[in-house]
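Numbering (full-length UniProt numbering), first residue to last: 1 to 86.
From the three backbone atoms N, C-alpha and C, an ideal C-beta is built for every residue, glycine too.
No experiment lies behind these values; they were computed from the predicted model shown.
This report concerns only the one structure given below.
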Amino acid sequence: KKKYTCSECPRSFVQKSNLLIHIKQHSGVKDHICEVCGAGFYTQKSLVRHNLIHKGERPFQCNLCSKKFIARCDLNRHLRIHAGYK
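Below you can see the structure in the form of structure tokens.
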């Protein structure tokens, strides 16, 4: 059951930490800043993922075409293309 509800919109969350991240989106506060390019992010996890771009790291590789991705979710989205989904 989702017991943490946003006071600004109808969204609700199971974990309080996810609600707090969501609330930042309403305020626009991106307090995790990339030291290389100045891009801002709501979470440290998003900043760490972004930094892979600057390092050139792409640890997730498609086993069908060898294309590489920064994040597993990007690889999963790509795999849908091979499966015939858009």
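May I ask you to list the residues that DSSP assigns as paired with residue i?
i          : result
residue 40 : 33
residue 12 : 5
residue 25 : None; residue 25 has no bridge partner.
Per DSSP, what kind of secondary structure is residue i in: helix, strand or coil?
i          : result
residue 67 : coil
Could you say which of the options lies nearest to residue i if we only look at CA atoms?
i          : options           : result
residue 71 : 79, 60, 78 and 64 : 60
residue 65 : 81, 46 and 36     : 81
residue 25 : 37, 43 and 39     : 43
residue 62 : 73, 39, 52 and 20 : 73
Point to revise | Touching by the beta-carbon criterion (3+ pairs, under 8 Å), the stretch 8-15 and the stretch 28-39 | key: In short, these stretches do not touch, since the Cβ pair count stays below three.
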